[in-house]
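Here is the structure we will look at.
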Amino acid sequence: MDGTGELFDPFIAALGDQFEVRVVRYPGDHRGGYAELEAFARAAIPPERPYVLLGESFSGPIAISLAAAAPGQLRALVLCCTFARNPRPGLAALAPLVGAVPFKALPAAWLVAAPIRAAFRQALGQLTTPALHARMRAVLAVDVCDRLAACDVPILYLRATRDRLVPRAAAALVAQLKPATTVIDFDAPHFLLQTAPEQAAHEVAAFVRLNGRR
463 MDGTGELFDP FIAALGDQFE VRVVRYPGDH RGGYAELEAF ARAAIPPERP
513 YVLLGESFSG PIAISLAAAA PGQLRALVLC CTFARNPRPG LAALAPLVGA
563 VPFKALPAAW LVAAPIRAAF RQALGQLTTP ALHARMRAVL AVDVCDRLAA
613 CDVPILYLRA TRDRLVPRAA AALVAQLKPA TTVIDFDAPH FLLQTAPEQA
663 AHEVAAFVRL NGRR
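Here the sequence shown is numbered in my numbering, starting from 463 and rising by one per residue.
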């Protein structure tokens with residue numbers, strides 16, 4: 463959700479030089495929702511080269527929306543610890559109260575594994591409070607199930623079995639809407655790409671090699 467891209471460093475390092483990787487970085491003070499942030503991601507798509515989209519956590523709906531439109535030479539979609547609609551529907555009614563929640567003051571220990579807490583705090587610190595609140599409201603309102611159903615590329619879903627933010631039902635919904643989805647479980651918390659970068663990179667690389675030249 464921070465949008466800085468800095469937390470991807472371990473995963474990118476694990477991929478090595480197998481692929482050219484472009485990280486989409488959202489402005490830390492941008493108060494827009496998914497539609498506005500999607501424009502930033504769309505601008506990073508190579509118009510004349512095959513590519514694979516990876517959407518993690520907050521950015522999953524953006525990757526799904528882009529994949530549904532299939533701009534350029536999209537070959538496949540990777541989703542990691544993410545969702546096609548609000549993963550916690552019981553909290554949707556609390557959207558008007560989001561602005562009163564001091565998210566940056568909440569204990570990171572409940573959400574983030576010890577090895578990456580410092581990096582998480584640093585990344586989150588680059589996001590203004592209004593921007594963070596806007597993104598939380600966007601999550602509570604999002605539903606791109608129709609766009610996911612319209613996706614016509616192979617899909618890989620990386621699921622963390624110890625995820626406290628995104629429940630297993632989120633991956634189940636993706637598989638329900640797109641039965642051909644490959645779901646791979648990792649014994650990891652929500653920040654899967656940061657805590658299990660080598661394992662995640664191995665699975666993503668294999669998936670890209672299999673589908674990258676469709």
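We put the CB at the ideal spot given by N, CA and C, even for glycine.
The segment 603–621 makes contact with the segment 662–676: 3 or more CB pairs, one atom from each, lie closer than 8 Å. With contacts defined as CB atoms closer than 9 Å, ALA663 and ALA476 qualify as a contacting pair. With 16 or more other Cβ atoms from the protein chains shown falling within 10 Å of its own Cβ, GLY517 counts as buried. Within the DSSP secondary-structure output, TYR513 pairs in a beta bridge with LEU536. ALA531 and PRO472 have their C-alpha atoms some 30 Å from each other. Scanning the segment 586–628 from its first residue to its last, the whole alpha helix (DSSP H) runs of 4-plus residues come out as 591–603, 607–612.
Contact annotation: the segment 524–540 touches the segment 494–505, with at least three C-beta pairs closer than 8 Å. Beta-bridge partners assigned by DSSP to ARG550: none are found. Around PHE470, the same chain offers VAL485 as residues with beta carbons nearer than 6 Å, after the five sequence neighbours per side are excluded.
For ASP491, the closest C-alpha among the options LEU627, THR643, VAL604, PRO592 is that of PRO592. Straight-line spacing of the CA atoms in LYS640 and LEU594 works out to 30 Å. Burial of THR544 is indicated by the presence of at least 16 other C-beta atoms within 10 angstroms of its C-beta. A direct Cα-to-Cα measurement between ALA634 and ILE526 gives close to 15 Å. In the structure shown, the three-state DSSP call for GLU518 is strand. Distance from the Cα of CYS542 is smallest, within the candidate group LEU654, ALA668, GLY494, GLN638, for LEU654. Inclusion of PRO523 and VAL606 in the CB contact set at 9 Å is warranted, their separation being smaller than that value.
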